[in-house]
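Here is the structure we will look at.
Residue numbers (the numbering used here): 386 to 518.
Have a look at this one:
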């Protein structure tokens with residue numbers, strides 16, 4: 386009796402159609418046509434289809450990563466903490482907001498409006514004349 390769980394595993398296809406090959410390498414079509422397609426073999430599938438060998442695409446991807454990868458072991462500036470707060474010994478200074486010179490407060494206005502403020506605002510809104518254009 387055959388292994389039932391093995392039959393349920395999806396198999397990766399050996400050949401990938403041209404429309405699916407850029408997504409297989411996680412890039413767009415223009416980038417695929419520029420940096421991948423000139424270096425891999427393509428073959429016809431049916432009358433109008435074009436295919437690529439998945440193993441050859443994998444080999445291209447491996448060589449591309451080997452050629453373009455950045456060695457981070459030799460860069461000491463990459464090993465430093467990004468801020469002094471990560472060290473735990475220095476606290477950032479507290480910035481005071483220009484809108485609240487008296488210190489911390491909630492997000493509401495600290496100045497109370499008076500009835501005269503409301504009257505002045507209402508007068509400004511009703512006294513505006515419309516432009517005659």
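We treat Cβ as the ideally placed atom computed from N, Cα and C, and that holds for glycine. The structure displayed is predicted, hence computed values, not measured ones.
- Rounded to whole angstroms, the separation of the alpha carbons of residue 430 and residue 453 is 32 Å.
- For residue 429, the uninterrupted beta strand (DSSP E) run begins and ends at 427–430, by DSSP.
- Here DSSP, grouped into helix, strand and coil, assigns residue 455 to coil.
- Taking a C-beta distance under 8 Å as the contact criterion, residue 417 and residue 406 qualify as a contact pair.
- Secondary structure of residue 402 (DSSP, three-state): strand.
- Going by DSSP, residue 437 is part of no alpha helix (DSSP H) but of the beta strand (DSSP E) stretching over 434–438.
- Residue 436 is classed as buried because its beta carbon has at least 16 other beta carbons within 10 Å across all chains shown.
- A distance below 8 Å between beta-carbons, with the five flanking residues on each side excluded, links residue 397 to the following residues of its chain, in chain order: 439.
- At the C-beta level, residue 402 and residue 434 come within 8 Å of one another.
- If you draw a straight line from the Cα of residue 502 to the Cα of residue 413, it comes to about 60 Å.
- In this chain, the alpha helix (DSSP H) harbouring residue 507 covers 500–512.
- DSSP places residue 395 outside both helix and strand once states are collapsed to three, so it counts as coil.
- The three-state secondary structure of residue 413, taken from DSSP, is coil.
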